[in-house]
Amino acid sequence: MLIIADPEQLKRVVNNIIGNSVKYLDKHQGLINIRIKDVGDFIQVEIEDNGRGIASKDLPYVFERFYRADASRNSATGGSGIGLSIVKKIIEDHGGKIWATSKESVGTVMYFVIRKYQEVIQDE
3 MLIIADPEQL KRVVNNIIGN SVKYLDKHQG LINIRIKDVG DFIQVEIEDN GRGIASKDLP
63 YVFERFYRAD ASRNSATGGS GIGLSIVKKI IEDHGGKIWA TSKESVGTVM YFVIRKYQEV
123 IQDE
């Protein structure tokens with residue numbers, strides 16, 4: 003599986019998502035799973051944690067610039083609310099898509115897809 007992408011930007015995407023997961027994990031029983039799947043013309047990356055999860059009312063907004071879930075959950079973790087909006091822009095700039103699923107007290111899965119490299123063979 004090959005993709006054409008800026009490796010530094012993709013590293014930033016993965017580091018940012020994992021960094022967010024780590025903020026909300028239990029220090030002793032936290033778990034992060036990363037899966038990479040071949041999905042047709044795309045590569046799909048899934049980053050799953052068993053952290054606090056995101057309330058269903060907040061989930062549609064997590065990729066919006068400066069959006070932060072309720073203040074009580076963020077008081078100890080800090081953050082400016084721009085990290086996931088930057089992640090979304092990077093993925094979209096690479097022709098991909100990003101989304102999340104979550105359940106409070108269970109965890110969150112962040113998904114993103116990036117188009118696979120397709121070699122074009124020209125007739126001679």
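Going by this note's numbering, the letters in the sequence shown line up with residues 3 to 126, in that order. Glycine included, C-beta positions come from ideal geometry on N, C-alpha and C.
C-alpha gap between residue i and residue j, whole angstroms
i	j	result
Met112	Ile34	11 Å
Ile45	Trp101	14 Å
Gly32	Lys105	15 Å
Gly83	Gln120	35 Å
Val47	Val24	18 Å
Asn52	Ile6	31 Å
Asp60	Gly109	14 Å
Supposed contact pair residue j and residue i - C-beta distance, whole angstroms, cut 8 Å
i	j	result
Arg14	Ile92	7 Å
Cβ pair residue i, residue j closer than 8 Å
i	j	result
Ile36	Ile56	no
Phe65	Lys90	yes
Lys118	Asp43	yes
Ser107	Arg54	yes
| alpha helix (DSSP H) runs wholly inside the stretch 29 to 102, at least 4 long, in chain order | 73 to 76, 85 to 95
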